[in-house]
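What follows is a set of notes on a single structure, which appears directly below.
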Amino acid sequence: ELLTLTVGGLYFHSKELSSGLPGSPTNFGLFLGNAAYNPSGSYPLGGVQEKHPRTPSTAAFAQAEFHVTPQLDIVAGARITKDKKNARLVTGGTYSAALGSITGTKTTVQPFSKSKPTFSIGANYKATDDLMVYAKYSTAYLSGGASGPLVFLPETVASWEGGLKSEWLD
Numbered sequence: 016e017l018l019t020l021t022v023g024g025l026y027f028h029s030k031e032l033s034s035g036l037p038g039s040p041t042n043f044g045l046f047l048g049n050a051a052y053n054p055s056g057s058y059p060l061g062g063v064q065e066k067h068p069r070t071p072s073t074a075a076f077a078q079a080e081f082h083v084t085p086q087l088d089i090v091a092g093a094r095i096t097k098d099k100k101n102a103r104l105v106t107g108g109t110y111s112a113a114l115g116s117i118t119g120t121k122t123t124v125q126p127f128s129k130s131k132p133t134f135s136i137g138a139n140y141k142a143t144d145d146l147m148v149y150a151k152y153s154t155a156y157l158s159g160g161a162s163g164p165l166v167f168l169p170e171t172v173a174s175w176e177g178g179l180k181s182e183w184l185d
């Protein structure tokens, strides 16, 4: 056997609603003194603070193990991830007793869309039946987006890994 191939895909979709107490943001400890978020410093009763994030994400991946010799495998993998998020924030408003509802809210939309490829490459060497030495280099991606008024950027990392895999003491 010269090659072992693994391929697949992922799909994730989330639709949420979160809100705080009327007249205060969800995490009022964080925002209570934040002048940029709340210039007046007060949250009149009846105000709204709702977050409506939608998070669809898809990915496709493949990993190939090339069996170069009975002891040596070269492993290569790749993944492409596509995120398209939409975070809607509804704030403010005034309670109308006549209508029994809150009117005059403001809606802000924070869109986020990105496609990102990542990969890994490594080698596994089986020195004996009980000992394998390996090394691997890989990249990874953590999606960005928004949570209410807070926008966060995507993160990418690269890592090296190496070690021994063995069974000791029976």
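Residues in the sequence shown are numbered from 16 upward in steps of one, following this note's numbering. Using N, Cα and C, we set each Cβ at its ideal position, and we do this for glycine too.
Rounded to the nearest whole angstrom, the CA to CA distance from W175 to E65 is 42 Å. Counting only residues of its own chain and dropping the five nearest sequence neighbours on each side, E170 has a CB closer than 7 Å to the CB of L157. Distances from the CA of G119 to each of F127, S128 and T106 were compared; the closest alpha carbon is that of T106.
Using a 10 angstroms sphere on the CB of R94, the tally of other CB atoms reaches 16 or more, which defines it as buried. With fewer than 16 other CB atoms across the displayed protein chains lying within 10 angstroms of its CB, K30 is exposed. The Cβ atoms of Y140 and Q86 lie closer than 7 Å to each other.
Judged by DSSP in its simplified three-state form, L114 adopts coil rather than helix or strand. Counted as a single uninterrupted DSSP element, the stretch harbouring E16 is not any beta strand (DSSP E), since DSSP gives it neither H nor E. Under the three-state reduction of DSSP, S158 is assigned to coil, being neither helix nor strand.
Look at the beta carbons and you see the segment 19 to 33 touching the segment 66 to 82: at least three pairs across the two are nearer than 8 Å.
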